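Student: Those protein sequence lines, which keep their order, are chains A and S. For the first sequence, the positions run 1 to 294 when the numbering used here is used. For the second sequence, the positions run 295 to 588 when the numbering used here is used.
2 protein chains.
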Amino acid sequence: MALKLTSTIAVCGGKLLKLSHPSSSTGTNMDINLYLPKQYYNSAESAKLIPSLLYLSGLTCSPQNASEKAFWQIQADKYGFAVIFPDTSPRGEGVATDPEGSWDFGIGAGFYVNATEQPYSAHYNMYDYVHKELPQVLAEEFGSKVDFFDNISITGHSMGGFGALSGYLKNINRYKSCSAFAPIVNPSTVPWGQKAFKGYLGEDKRIWAEYDPSDLVKTVTNVNGDKILIHVGTSDPFLEKHLKPHLIEDAAKGTSWEGKIEVNIEDGFDHSYYFISSFVPQHAEFHAKHLGLI
Amino acid sequence: MALKLTSTIAVCGGKLLKLSHPSSSTGTNMDINLYLPKQYYNSAESAKLIPSLLYLSGLTCSPQNASEKAFWQIQADKYGFAVIFPDTSPRGEGVATDPEGSWDFGIGAGFYVNATEQPYSAHYNMYDYVHKELPQVLAEEFGSKVDFFDNISITGHSMGGFGALSGYLKNINRYKSCSAFAPIVNPSTVPWGQKAFKGYLGEDKRIWAEYDPSDLVKTVTNVNGDKILIHVGTSDPFLEKHLKPHLIEDAAKGTSWEGKIEVNIEDGFDHSYYFISSFVPQHAEFHAKHLGLI
Numbered sequence: 001m002a003l004k005l006t007s008t009i010a011v012c013g014g015k016l017l018k019l020s021h022p023s024s025s026t027g028t029n030m031d032i033n034l035y036l037p038k039q040y041y042n043s044a045e046s047a048k049l050i051p052s053l054l055y056l057s058g059l060t061c062s063p064q065n066a067s068e069k070a071f072w073q074i075q076a077d078k079y080g081f082a083v084i085f086p087d088t089s090p091r092g093e094g095v096a097t098d099p100e101g102s103w104d105f106g107i108g109a110g111f112y113v114n115a116t117e118q119p120y121s122a123h124y125n126m127y128d129y130v131h132k133e134l135p136q137v138l139a140e141e142f143g144s145k146v147d148f149f150d151n152i153s154i155t156g157h158s159m160g161g162f163g164a165l166s167g168y169l170k171n172i173n174r175y176k177s178c179s180a181f182a183p184i185v186n187p188s189t190v191p192w193g194q195k196a197f198k199g200y201l202g203e204d205k206r207i208w209a210e211y212d213p214s215d216l217v218k219t220v221t222n223v224n225g226d227k228i229l230i231h232v233g234t235s236d237p238f239l240e241k242h243l244k245p246h247l248i249e250d251a252a253k254g255t256s257w258e259g260k261i262e263v264n265i266e267d268g269f270d271h272s273y274y275f276i277s278s279f280v281p282q283h284a285e286f287h288a289k290h291l292g293l294i
Numbered sequence: 295m296a297l298k299l300t301s302t303i304a305v306c307g308g309k310l311l312k313l314s315h316p317s318s319s320t321g322t323n324m325d326i327n328l329y330l331p332k333q334y335y336n337s338a339e340s341a342k343l344i345p346s347l348l349y350l351s352g353l354t355c356s357p358q359n360a361s362e363k364a365f366w367q368i369q370a371d372k373y374g375f376a377v378i379f380p381d382t383s384p385r386g387e388g389v390a391t392d393p394e395g396s397w398d399f400g401i402g403a404g405f406y407v408n409a410t411e412q413p414y415s416a417h418y419n420m421y422d423y424v425h426k427e428l429p430q431v432l433a434e435e436f437g438s439k440v441d442f443f444d445n446i447s448i449t450g451h452s453m454g455g456f457g458a459l460s461g462y463l464k465n466i467n468r469y470k471s472c473s474a475f476a477p478i479v480n481p482s483t484v485p486w487g488q489k490a491f492k493g494y495l496g497e498d499k500r501i502w503a504e505y506d507p508s509d510l511v512k513t514v515t516n517v518n519g520d521k522i523l524i525h526v527g528t529s530d531p532f533l534e535k536h537l538k539p540h541l542i543e544d545a546a547k548g549t550s551w552e553g554k555i556e557v558n559i560e561d562g563f564d565h566s567y568y569f570i571s572s573f574v575p576q577h578a579e580f581h582a583k584h585l586g587l588i
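Printed below as a string of structure tokens:
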């Protein structure tokens with residue numbers, strides 16, 4: 001198989017598989033963590049397919065951070081869904097990174113877009129990777145028991161919260177539900193997003209708008225009347241400068257998304273996995289409903 | 295106060311406090327993480343004191359590891375107990391460590407004993423620290439709402455599992471209950487324990503026996519008929535060489551502890567926080583019963 005299994009770790013009632021594979025999207029080897037819940041091991045091949053949840057991590061993260069600290073596993077067992085933890089960028093020899101060496105662009109900070117600018121366009125095709133190649137690669141090995149295409153939801157944190165919102169809106173009939181933890185909701189107008197978009201996509205803001213959730217809510221119709229669930233903490237150090245969650249609520253006014261973007265501002269929570277893990281149970285229940293598990 | 299509050303982090307329904315204080319036991323500054331559950335913030339000063347659980351971490355850990363990865367917080371909120379995460383050794387300038395620089399002795403590896411050997415006896419007094427000074431220091435600040443003396447249980451992982459067993463047995467009327475994750479149950483007979491005991495306590499095996507759980511079960515009477523709860527995984531790389539959990543069951547034969555030490559060998563689990571977090575819910579329920587919360 002294209003997927004190489006590097007480790008199988010017992011967690012809760014299921015297994016966390018550490019996988020890697022050569023990616024045609026990024027031209028690099030990509031690591032994936034995949035949590036298969038207890039239902040995977042208890043169900044027959046012919047049973048109903050197990051739904052999946054795609055979790056996109058934030059700046060600097062690898063597949064390990066959320067696997068270790070977000071505690072999706074106990075929720076995945078509770079409801080019966082698999083959780084996919086991809087990497088946040090291509091890595092390895094020949095992969096360009098931020099010339100200034102900062103942590104908010106380049107390696108660990110792929111922003112889930114397809115780069116058009118040199119030198120990043122050679123490897124930074126994270127949009128194609130997470131939404132197209134990743135489910136194909138996983139389905140080749142696990143598709144007989146897990147649904148990576150038709151019954152899948154998406155979530156993420158910070159940069160990955162942007163990636164979840166953007167990927168959901170750009171593929172409106174693809175994901176059953178979308179949620180985000182402390183997302184960058186309007187990258188075109190905040191420093192993290194502007195740096196990434198300029199670096200990966202160039203100066204043409206029409207291309208930026210194709211990825212920006214606060215632009216997409218104006219052009220994409222909420223055909224099913226779905227709600228998007230967002231949590232962010234008042235003690236998040238990035239709240240005022242990079243996250244600004246009200247911007248997507250403002251953008252949604254007068255569109256089919258008005259009143260459908262539930263932004264919960266939580267007193268005292270920060271940007272860390274302490275925050276994420278505290279709200280994972282609510283997000284798990286939200287997705288479980290949309291995945292037909294409740 | 296002697297305690298300095300360096301950070302307050304919202305987690306689940308409570309707060310994780312990062313604290314530090316000058317310790318008279320170790321002669322160093324010691325860090326502590328303290329999780330105060332939602333009941334702490336919802337209860338009046340005059341309400342019943344909130345019980346506490348002392349969690350002793352394993353080799354190389356600081357107070358952060360278990361705070362981030364063991365996920366006690368949601369359980370603490372469920373039942374209503376505080377969780378104390380002390381450090382695993384003294385640290386800082388002038389603190390001697392392993393002359394070979396290895397990770398299983400010295401800094402991060404204090405083994406929860408009072409060292410008698412030079413140069414370690416100057417600072418490595420972790421037994422006095424965790425069982426005597428720590429509750430005093432915490433009670434000075436939080437004692438009006440949290441019980442650190444009379445309604446407290448103890449648990450730990452690996453070296454900290456040894457520390458929990460040893461501390462529980464040496465203070466048989468002190469802790470309401472004891473559990474351990476992958477503990478070193480008979481340090482006097484395994485390499486990790488022998489290295490630590492020789493380094494901290496010298497060659498006299500009578501002193502080793504004063505700390506060794508598999509010796510203590512022979513001399514300490516199980517006055518209340520209490521059970522000790524232990525989990526260990528079959529894929530734990532240290533199982534055969536350092537942990538050998540059957541040794542404490544063997545030692546307990548013919549004593550008041552016979553049949554009271556429940557060793558659960560769990561298929562496929564390793565030594566990591568993936569293992570710990572998977573069984574924290576069972577240990578939390580066990581302690582909650584003994585703390586009068588169920």
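Backbone N, C-alpha and C define an ideal beta-carbon position, used for all residues, glycine too. Computed from a prediction, not measured in an experiment: that's the story for all the values here.
1) Can you tell me the Cβ-Cβ gap for L328 (chain S) and L313 (chain S), rounded? I've got them flagged as a contact below 8 Å.
2) Please go through the same chain and pick out, in chain order, the residues whose beta-carbon is closer than 6 Å to the beta-carbon of T97 (chain A), but skip the five residues on each side of it.
3) On the CB-based measure, 16 or more other CB atoms within 10 Å of its CB, does I588 (chain S) come out buried or exposed?
4) Which whole runs of the alpha helix (DSSP H) in the segment 210-270 of chain A are 4 residues long or more, in chain order?
5) Would K363 (chain S) count as contacting chain A if we go by Cβ distances under 8 Å?
6) Apart from the five residues on each side of it in sequence, which residues of its chain come closer than 7 Å, Cβ to Cβ, to K69 (chain A)?
7) Taking the alpha-carbon positions, what's the S383 (chain S) to H131 (chain A) distance?
8) When the cut-off is 8 Å and only beta carbons count, does A578 (chain S) lie next to chain A?
9) For Q333 (chain S), which of S:I326, S:N323, S:G493 and S:S346 has the nearest alpha-carbon?
10) May I ask which residues mark the beginning and end of the beta strand (DSSP E) holding I378 (chain S)?
11) Do G450 (chain S) and S361 (chain S) count as a contact pair if the criterion is CB distance below 8 Å?
12) Between the Cα of A545 (chain S) and those of S:L299, S:K535 and S:V514, spot the shortest distance and give me the residue it belongs to.
13) Does the Cβ-Cβ distance between S177 (chain A) and F286 (chain A) come in under 8 Å?
14) Is L587 (chain S) helix, strand or coil by DSSP?
15) State whether the segment 115-126 of chain A contacts the segment 179-197 of chain A, with contact taken as three or more CB pairs (one from each stretch) at a distance under 8 Å.
16) Using DSSP with H/G/I as helix, E/B as strand and the rest coil, what is N359 (chain S)?
17) Flag V296 (chain A) as yes if its beta-carbon sits less than 8 Å from any beta-carbon of chain S, otherwise no.
18) Within its chain, find whatever has a CB closer than 7 Å to the CB of S235 (chain A); leave out the 5 residues flanking it on each side and keep chain order.
19) Would you say G496 (chain S) reaches chain A, if we count a Cβ-Cβ gap shorter than 8 Å as a contact?
20) Counting beta carbon pairs with one atom in the segment 258-268 of chain A and one in the segment 199-210 of chain A, are three or more of them shorter than 8 Å?
21) So that I know if they touch, is there some Cβ in chain A lying closer than 8 Å to that of I303 (chain S)?
22) Candidates S:L330, S:G321, S:P316 and S:T322: which alpha carbon is nearest W308 (chain S)'s?
23) Check each candidate in S:C355, S:Q576, S:W366 and S:K538 and name the one with the smallest Cα separation from T483 (chain S).
24) Looking at chain A, is there any beta carbon in it that lies within less than 8 Å of the beta carbon of F563 (chain S)?
25) Which runs of the beta strand (DSSP E) spanning at least 3 residues fall entirely within the segment 28-61 of chain A, listed in chain order?
26) Going by DSSP in three states, A370 (chain S) sits in which element: helix, strand or coil?
27) Assuming L311 (chain S) and I378 (chain S) are in contact, meaning their beta carbons sit under 8 Å apart, how far apart are those beta carbons, in whole angstroms?
28) Which runs of the beta strand (DSSP E) fall wholly inside the segment 114-164 of chain A and span at least 3 residues, in chain order?
29) Should Q136 (chain A) go down as buried or exposed, given a rule of 16 or more other Cβ atoms within 10 Å for buried?
30) Tell me whether S482 (chain S) sits in a helix, a strand or coil according to DSSP, three-state version.
31) What does a CB cutoff of less than 7 Å around V389 (chain S) pick up in its chain, not counting 5 residues either side in sequence?
32) Please say whether L585 (chain S) and E435 (chain S) have beta carbons closer to each other than 8 Å?
33) Rounded C-beta distance between W72 (chain A) and V280 (chain A)? I'm assuming under 8 Å.
34) Under the rule that 16 or more other beta-carbon atoms within 10 Å means buried, what is L5 (chain A), buried or exposed?
35) Please state whether DSSP places V11 (chain A) in a helix, a strand or coil.
36) Taking only three categories from DSSP, how would you classify F475 (chain S)?
Tutor: Once the coordinates are examined:
1) In the second sequence, counting from the first residue as 1, residue 328 (chain S) sits at position 34. In the second sequence, counting from the first residue as 1, residue 313 (chain S) sits at position 19. Right, the Cβ-Cβ distance comes to about 6 Å (below 8 Å), so this counts as a contact.
2) Counting from 1 along the first sequence, the entry for residue 97 (chain A) is found at position 97. G106 and I107, listed in sequence order.
3) Within the second sequence, the letter at position 294 stands for residue 588 (chain S). Exposed.
4) Unbroken alpha helix (DSSP H) runs of no fewer than 4 residues, entirely contained in the segment 210-270 of chain A, are found at 213-219 and 246-252, following chain order.
5) Start at 1 with the first residue of the second sequence, and residue 363 (chain S) comes out as number 69. Yes, K363 (chain S) counts as interfacial toward chain A.
6) Your numbering for residue 69 (chain A) matches position 69 in the first sequence. Taken in chain order, the residues that qualify are Y273 and S277.
7) Stepping through the second sequence from its first residue, residue 383 (chain S) is reached at position 89. Stepping through the first sequence from its first residue, residue 131 (chain A) is reached at position 131. When only Cα atoms are considered, S383 (chain S) and H131 (chain A) end up about 47 Å apart.
8) Taking the first residue of the second sequence as position 1, residue 578 (chain S) is located at position 284. Not closer than 8 Å to any Cβ of chain A, the Cβ of A578 (chain S) fails to qualify, so no.
9) Reading the second sequence from its first residue, position 39 is the one you call residue 333 (chain S). The shortest CA-to-CA distance from Q333 (chain S) to any of S:I326, S:N323, S:G493 and S:S346 is the one to S:S346.
10) Counting from 1 along the second sequence, the entry for residue 378 (chain S) is found at position 84. It spans A376 to P380 - the beta strand (DSSP E) in which I378 (chain S) sits, taken as one unbroken run.
11) Residue mapping note: residue 361 (chain S) aligns to position 67 of the second sequence, counting from 1. Residue mapping note: residue 450 (chain S) aligns to position 156 of the second sequence, counting from 1. Between S361 (chain S) and G450 (chain S), the CB-CB gap reaches or exceeds 8 Å.
12) Within the second sequence, the letter at position 251 stands for residue 545 (chain S). Of the candidates S:L299, S:K535 and S:V514, the residue whose Cα lies closest to the Cα of A545 (chain S) is S:V514.
13) For the purposes of this step, residue 177 (chain A) is taken as residue 177 along the first sequence, with counting starting at 1. For the purposes of this step, residue 286 (chain A) is taken as residue 286 along the first sequence, with counting starting at 1. For the 8 Å CB-CB criterion, S177 (chain A) and F286 (chain A) form a contact.
14) As a first step, residue 587 (chain S) must be located in the second sequence, where it is residue number 293. If DSSP states are grouped into helix, strand and coil, L587 (chain S) belongs with coil.
15) The answer is no - the segment 179-197 of chain A does not touch the segment 115-126 of chain A, with fewer than three Cβ pairs under 8 Å.
16) As a working mapping, residue 359 (chain S) is identified with position 65 in the second sequence. Correct three-state label for N359 (chain S): helix.
17) An answer regarding residue 296 (chain A) cannot be provided, because it is not within the stretch 1 to 294 covered by chain A.
18) On the first sequence, position 235 is the one that residue 235 (chain A) refers to. The beta carbon of S235 (chain A) sits closer than 7 Å to those of G268, F269 and D270, all from its chain and outside the five residues before and after it, given in chain order.
19) Working through the second sequence from its first residue, we reach residue 496 (chain S) at position 202. False, the Cβ-Cβ gap to chain A never drops below 8 Å.
20) No, because fewer than three Cβ pairs between the segment 199-210 of chain A and the segment 258-268 of chain A fall closer than 8 Å, the two stretches do not touch.
21) Start at 1 with the first residue of the second sequence, and residue 303 (chain S) comes out as number 9. Cβ-Cβ to chain A under 8 Å: yes for I303 (chain S).
22) Position 14 of the second sequence, counted from the start, is the residue given in the question as residue 308 (chain S). Residue 308 (chain S) is actually Gly in this sequence, not Trp. Looking at the Cα atoms, S:L330 is the closest of the given residues.
23) Numbered from its first residue, the second sequence carries residue 483 (chain S) at position 189. The residue with the shortest Cα to Cα distance from T483 (chain S) is S:K538.
24) Taking the second sequence and counting its residues from 1, the one referred to as residue 563 (chain S) is at position 269. It does: the Cβ of F563 (chain S) has a partner Cβ on chain A nearer than 8 Å.
25) The segment 28-61 of chain A contains these whole beta strand (DSSP E) runs: 29-36 and 52-56.
26) Position 76 of the second sequence, counting from 1, holds the residue named residue 370 (chain S). Shown here, A370 (chain S) sits in a helix according to DSSP, grouped into three states.
27) The residue labelled residue 311 (chain S) in the question sits at position 17 within the second sequence. The residue labelled residue 378 (chain S) in the question sits at position 84 within the second sequence. The distance from the Cβ of L311 (chain S) to that of I378 (chain S) is about 10 Å, inconsistent with a contact at the 8 Å cut-off.
28) Fully enclosed beta strand (DSSP E) runs of 3 or longer: 152-156.
29) Numbered from 1 along the first sequence, position 136 holds the residue referred to as residue 136 (chain A). Under this definition Q136 (chain A) is an exposed residue.
30) Translated into positions along the second sequence, residue 482 (chain S) becomes position 188. Secondary structure of S482 (chain S) (DSSP, three-state): helix.
31) Within the second sequence, the letter at position 95 stands for residue 389 (chain S). Cβ-Cβ distances below 7 Å link V389 (chain S) to T322, I401 and H417 in the same chain, with the five nearest sequence neighbours on each side left out; the list follows chain order.
32) For the purposes of this step, residue 435 (chain S) is taken as residue 141 along the second sequence, with counting starting at 1. For the purposes of this step, residue 585 (chain S) is taken as residue 291 along the second sequence, with counting starting at 1. It is not a contact, given that the beta carbons lie outside the stated cut-off.
33) Translated into positions along the first sequence, residue 72 (chain A) becomes position 72. Translated into positions along the first sequence, residue 280 (chain A) becomes position 280. Right, the Cβ-Cβ distance comes to about 6 Å (below 8 Å), so this counts as a contact.
34) Counting from 1 along the first sequence, the entry for residue 5 (chain A) is found at position 5. Looking at its Cβ environment, which holds fewer than 16 other Cβ atoms inside 10 Å, L5 (chain A) is exposed.
35) As a first step, residue 11 (chain A) is located in the first sequence; it is residue number 11 there, counting from the start. Of the three classes helix, strand and coil, the one that applies to V11 (chain A) here is strand, per DSSP.
36) As a first step, residue 475 (chain S) is located in the second sequence; it is residue number 181 there, counting from the start. The answer is strand: DSSP assigns F475 (chain S) an E or B state.
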